[in-house]
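> Chains as they are written, first to last, in this note's numbering: chain A, 1 to 208; chain B, 209 to 416; chain C, 417 to 624; chain D, 625 to 832.
For glycine and all other residues, C-beta sits at the position ideal for the given N, C-alpha and C.
Nothing here was measured: the structure is a model prediction, and the numbers come from that model.
Protein chains: 4
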Amino acid sequence: MGLRERRREHTVQLIVAAAAEVFGRRGYHASSMEEVAKATGCATATLYGYFPSKEALFTKVVMDLMGAYLAGVTAALAGASTFEASVHGLFEHFERFAEEQAAVIRVVHTAMRTAQLGPTTSTDEILGLIATYRAAIGPVFDRAVAEGLLAADRNHEPLYTLLLGTLHSASDAWLDVGADLRLGLHAARTLFLAGFPAVAAVLPGESS
Amino acid sequence: MGLRERRREHTVQLIVAAAAEVFGRRGYHASSMEEVAKATGCATATLYGYFPSKEALFTKVVMDLMGAYLAGVTAALAGASTFEASVHGLFEHFERFAEEQAAVIRVVHTAMRTAQLGPTTSTDEILGLIATYRAAIGPVFDRAVAEGLLAADRNHEPLYTLLLGTLHSASDAWLDVGADLRLGLHAARTLFLAGFPAVAAVLPGESS
Amino acid sequence: MGLRERRREHTVQLIVAAAAEVFGRRGYHASSMEEVAKATGCATATLYGYFPSKEALFTKVVMDLMGAYLAGVTAALAGASTFEASVHGLFEHFERFAEEQAAVIRVVHTAMRTAQLGPTTSTDEILGLIATYRAAIGPVFDRAVAEGLLAADRNHEPLYTLLLGTLHSASDAWLDVGADLRLGLHAARTLFLAGFPAVAAVLPGESS
Amino acid sequence: MGLRERRREHTVQLIVAAAAEVFGRRGYHASSMEEVAKATGCATATLYGYFPSKEALFTKVVMDLMGAYLAGVTAALAGASTFEASVHGLFEHFERFAEEQAAVIRVVHTAMRTAQLGPTTSTDEILGLIATYRAAIGPVFDRAVAEGLLAADRNHEPLYTLLLGTLHSASDAWLDVGADLRLGLHAARTLFLAGFPAVAAVLPGESS
DNA sequence: GATGAATGAGCCTTCATTCAT
DNA sequence: TATGAATGAAGGCTCATTCAT
Chain A
1 MGLRERRREH
11 TVQLIVAAAA
21 EVFGRRGYHA
31 SSMEEVAKAT
41 GCATATLYGY
51 FPSKEALFTK
61 VVMDLMGAYL
71 AGVTAALAGA
81 STFEASVHGL
91 FEHFERFAEE
101 QAAVIRVVHT
111 AMRTAQLGPT
121 TSTDEILGLI
131 ATYRAAIGPV
141 FDRAVAEGLL
151 AADRNHEPLY
161 TLLLGTLHSA
171 SDAWLDVGAD
181 LRLGLHAART
191 LFLAGFPAVA
201 AVLPGESS
Chain B
209 MGLRERRREH
219 TVQLIVAAAA
229 EVFGRRGYHA
239 SSMEEVAKAT
249 GCATATLYGY
259 FPSKEALFTK
269 VVMDLMGAYL
279 AGVTAALAGA
289 STFEASVHGL
299 FEHFERFAEE
309 QAAVIRVVHT
319 AMRTAQLGPT
329 TSTDEILGLI
339 ATYRAAIGPV
349 FDRAVAEGLL
359 AADRNHEPLY
369 TLLLGTLHSA
379 SDAWLDVGAD
389 LRLGLHAART
399 LFLAGFPAVA
409 AVLPGESS
Chain C
417 MGLRERRREH
427 TVQLIVAAAA
437 EVFGRRGYHA
447 SSMEEVAKAT
457 GCATATLYGY
467 FPSKEALFTK
477 VVMDLMGAYL
487 AGVTAALAGA
497 STFEASVHGL
507 FEHFERFAEE
517 QAAVIRVVHT
527 AMRTAQLGPT
537 TSTDEILGLI
547 ATYRAAIGPV
557 FDRAVAEGLL
567 AADRNHEPLY
577 TLLLGTLHSA
587 SDAWLDVGAD
597 LRLGLHAART
607 LFLAGFPAVA
617 AVLPGESS
Chain D
625 MGLRERRREH
635 TVQLIVAAAA
645 EVFGRRGYHA
655 SSMEEVAKAT
665 GCATATLYGY
675 FPSKEALFTK
685 VVMDLMGAYL
695 AGVTAALAGA
705 STFEASVHGL
715 FEHFERFAEE
725 QAAVIRVVHT
735 AMRTAQLGPT
745 TSTDEILGLI
755 ATYRAAIGPV
765 FDRAVAEGLL
775 AADRNHEPLY
785 TLLLGTLHSA
795 SDAWLDVGAD
805 LRLGLHAART
815 LFLAGFPAVA
825 AVLPGESS
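This is the structure in structure tokens:
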């Protein structure tokens, strides 16, 4: 990559970082390009030299942050050989990531939670992202199956929902009402691990 | 209440119902007063005869729906004498409510999850609402304490978070990716009940 | 038509008149909605209560003015029984119309001359308008045929072009360099009538 | 002219050629400097190394093309000794020129026709250009006078208008509705020559 | 000389809100 | 009370132009 391109890429990163902060704090619709520009330290028009539209910028922000987060998830799970270790790894990664970049969590939550609150067009991409997220945590359940804790021929769907649900509930409480993040995550992990066998037992056979 | 006032109140309800549908479908910022008016079947200006602003309308919508929902929660919990029955009652109430009024859940989620996605000013009211929600499900844990499943002098905060987190994760998955609601709620309840003792055991002493 | 509609229609006419003046003076691209609003005596946003876009307003202006002009053309030709009288009628109508509403001629010329200078989308409508214009002056040549001045089985295309060309050249000179309109039209009419037989004689057989 | 200057002049020509194509196709206002740059094969900023503004570039384009065209006109008229030959020469030159460079005709028409469609400020230059154009075809009428077809002490103004009007009407029809150029020009020339005596007879005495 | 990047000004359009009827 | 109409205040986006490299 030439020098020019590097500089450009750097600027893109600065914009994305500023935009992440703004979008995370105000949501998509309430954020204005002028606000993002001010946060970046440039003129509004400058943003359009890097992104063709507000929506494209938003999508880039979500994709980038989510990509970084998911890469960490994958790495964390790669280093865990048992089901329990996987869950621990996932929660630890989340905690680290959340503390470093609260804004990130905010945008990602915002985006994932509310396809309908973001711009219409990128809905598909966001849904794809949700799918990617679920795929990334798949190894957790592969290990559960390998360890005999979970039958392979069951509908695992609710497990994904619950793992992410308990995980995110802690960060939501942290962001929304200022609850203790570490404690929340600890409790969430405990609940998930302790309740897992019972849930596994009630899952119906694979279907849709 | 005079006849005049009754008629007015009726109109208010019609508007709120229409607004709930619109806000639930599009979110606060993406919804326009014109859209709400069209859904109500009146002119935009008419809305201002009943609500001083878009924000006030939104707040009213959230408050009303949440109030109805919470009344149901309270009723459901009043009729349950044990911890387990309480949890069952809560989930059943939720399921019934969600199926009847998907839009309601959408707005409430939207509102609760993201103070920042709604209008800035009403944040306080929404936070108050969250507190009310938590208070409404308090009886669940009172029963757990009464049954000796939970020590009274512990920080119950994470329990509230987790109960609501598991509950809502199911409806989120239902709304966002079309997951099976009944199955999701069943799994969530199972997880919560089975994992509860373990979580209760790791809760730290009362603090904040 | 109710009173409401009448008032509305009246406002539409006021806007169209103001817009005709502005578009006629500055052309489509150089005119701004703010300028039109100022000429109308209202706020910019008000225009959007009557027209969905700048382009729609422009199209309406052109269509309306052209429609009025063509109605006059048709009427003038209906009252003329000979070829020569037709041509006289056409020129007289044009002169009257031009003096009354110079702006009209400007917009129409602008629009007709340069589909590509107006908004892209309405190009088709403008081409259709050109076709309508040509159709409106058709009777002139029907009479020429009836009087034996013109063979029916010839390509009349160049005649249309020349009749309008001589006619418009006079108004163009009037608008652009301040030439005398009456004199110009007189000369144009004289040229057309005197040269017509010669042109009719050189027209090729009907083809495309 | 040094080598350096020659190279510069060459670049100027490349830009003017590209700009002529763009302005001819889209008109002044709808053309962007970026579009011109792309057509030239250089960066937008580069254009400013050769022209101080968009307007200056437009003016240069018009002046250059018109200059080339008028030089041809002058040459054609110089080689024609009679009135009729002059008119023939003019039309032939026009036909050759138009077929070679349709874009040229487009820009020139655009510019001449509509001072208001080009940039406001250069109106004077364009008016001067119109005057130059008229001067260039002056010899046609000088010959008419010499041949006794036209009285010298009359207002020749309408003749200029009509000669150019008939000429241009053919190319307009060609450009706008795809009419046959050669046929149109033939008809136009025929009309002009055949009708000329009659017009000459009705011209008033010299005045403005 | 050439260009990528930056930007101020401006344009079209939307929308919450007000007001006269 | 209901509403059509009017509007100020943005907001997203474009573009001619400048400047540092």
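(1) If you measure beta-carbon to beta-carbon, which residues of the region 431-465 of chain C are closer than 7 Å to chain D?
(2) Just to confirm before moving on: does the CB-CB distance between ALA455/C and GLU437/C stay below 8 Å?
(3) Could you tell me the alpha carbon to alpha carbon distance between ALA131/A and VAL452/C, rounded to whole angstroms?
(4) Hey, would you say SER169/A sits closer than 8 Å to LEU383/B, going by beta carbons?
(5) Hey, GLU300/B and ALA276/B: beta-carbon distance below 8 Å or not?
(6) Does THR577/C come within less than 8 Å of chain D when only Cβ atoms are used?
(7) Since ILE754/D meets chain C, which of its residues come closer than 9 Å, beta carbon to beta carbon?
(8) Thinking LEU278/B and VAL315/B are a contact (beta carbons under 8 Å), I'd like their distance in whole angstroms, please.
(9) Could you list which residues in chain B have their beta carbon closer than 8 Å to that of VAL202/A, in chain order?
(10) Pick from HIS445/C, ALA459/C, TYR466/C, GLY600/C: whose alpha carbon is nearest that of PRO782/D?
(11) Expressed to the nearest angstrom, what Euclidean distance is found between the alpha-carbon atoms of VAL728/D and VAL685/D?
(12) Tell me, please, whether the CB atom of LEU278/B is closer than 8 Å to any CB atom in chain A?
(13) Answer with yes or no whether the minimum CB distance from SER585/C to chain D is below 8 Å.
(14) Quick check for students: name the residue ranges of the beta strand (DSSP E) that lie wholly in the region 431-481 of chain C, counting only runs of 3 or more.
(15) Give me the residue from ARG6/A, ALA85/A, ALA45/A, ALA43/A with the minimum Cα distance to ASP142/A.
(16) From the beta carbon of LEU391/B, is the nearest beta carbon of chain A less than 8 Å away?
(17) Taking the C-alpha atoms as reference points, what is the distance between LEU566/C and ALA560/C?
(18) If GLY648/D and GLY611/C are in contact, beta carbons under 8 Å, what's the gap, nearest whole angstrom?
(19) Do you know how far the Cα of ARG813/D is from the Cα of VAL503/C?
(20) Which same chain residues end up closer than 7 Å to MET33/A when comparing Cβ atoms and leaving out the 5 residues on each side of it in sequence?
(21) PHE83/A to LEU90/A, Cα distance in whole Å?
(22) Are the beta-carbon atoms belonging to VAL73/A and ALA19/A less than 8 Å from one another?
(23) Quick one: residues in its chain with C-beta nearer than 8 Å to the C-beta of GLU511/C, no 5 flanking neighbours on either side, listed in chain order?
(24) So, is the C-beta of ALA818/D closer than 8 Å to a C-beta in chain C?
(25) I need the boundaries of the alpha helix (DSSP H) containing PRO412/B, first residue and last residue.
(26) Name, please, each residue of chain D whose Cβ falls closer than 8 Å to the Cβ of LEU580/C.
(27) Please classify VAL815/D: is it buried, with 16 or more other beta-carbons within 10 angstroms of its beta-carbon, or exposed?
(28) Kindly give me the distance between the Cβ atoms of ALA187/A and VAL348/B, rounded to whole angstroms, as I take these residues to be in contact under 8 Å.
(29) Short of 8 Å in beta carbon distance, which residues of its chain neighbour ARG778/D, apart from the five on each side in sequence? Order them along the chain.
(30) Should ALA759/D be flagged as near chain C, meaning a C-beta pair shorter than 8 Å?
(31) Please list, in chain order, the chain D residues whose beta carbon lies closer than 7 Å to that of PRO574/C.
(32) Starting from the C-beta of LEU638/D, find all residues in its chain whose C-beta is less than 7 Å away, skip the five residues before and the five after it, and write them out in chain order.
(33) Could you work out which residues of chain C lie near VAL823/D, taking near to mean beta carbons separated by less than 8 Å?
(34) Going along chain D in order, which residues have a C-beta closer than 7 Å to the C-beta of ALA589/C?
(35) Distance, Cα to Cα, LEU167/A vs GLN101/A?
(36) Could you spell out the range, first to last residue, of the alpha helix (DSSP H) harbouring HIS168/A?
According to the structure data:
(1) ARG441, ARG442, GLY443, HIS445, ALA446
(2) yes
(3) 51 Å
(4) no
(5) no
(6) yes
(7) ASP592, VAL593
(8) Not quite, the Cβ-Cβ distance comes to about 14 Å (not below 8 Å), so this is no contact.
(9) HIS394, ALA395, THR398
(10) GLY600/C
(11) 9 Å
(12) no
(13) yes
(14) none
(15) ALA85/A
(16) yes
(17) 5 Å
(18) Rounded, the Cβ-Cβ distance is 31 Å, inconsistent with contact.
(19) 20 Å
(20) THR44, LEU47, LYS54
(21) 11 Å
(22) no
(23) LEU597, ARG598, LEU601
(24) yes
(25) From DSSP, PRO412/B is part of no alpha helix (DSSP H); its letter is neither H nor E.
(26) SER793
(27) The residue asked about is misnamed: residue 815/D is Leu in this sequence, not Val. Classification for LEU815/D: buried.
(28) The pair is not a contact, with the Cβ atoms about 16 Å apart (cut-off 8 Å).
(29) ALA824, LEU827, PRO828, GLY829, GLU830
(30) no
(31) LEU807, GLY808, ALA811
(32) THR664
(33) ALA603, THR606, LEU607, ALA610
(34) THR785
(35) 16 Å
(36) 157-177
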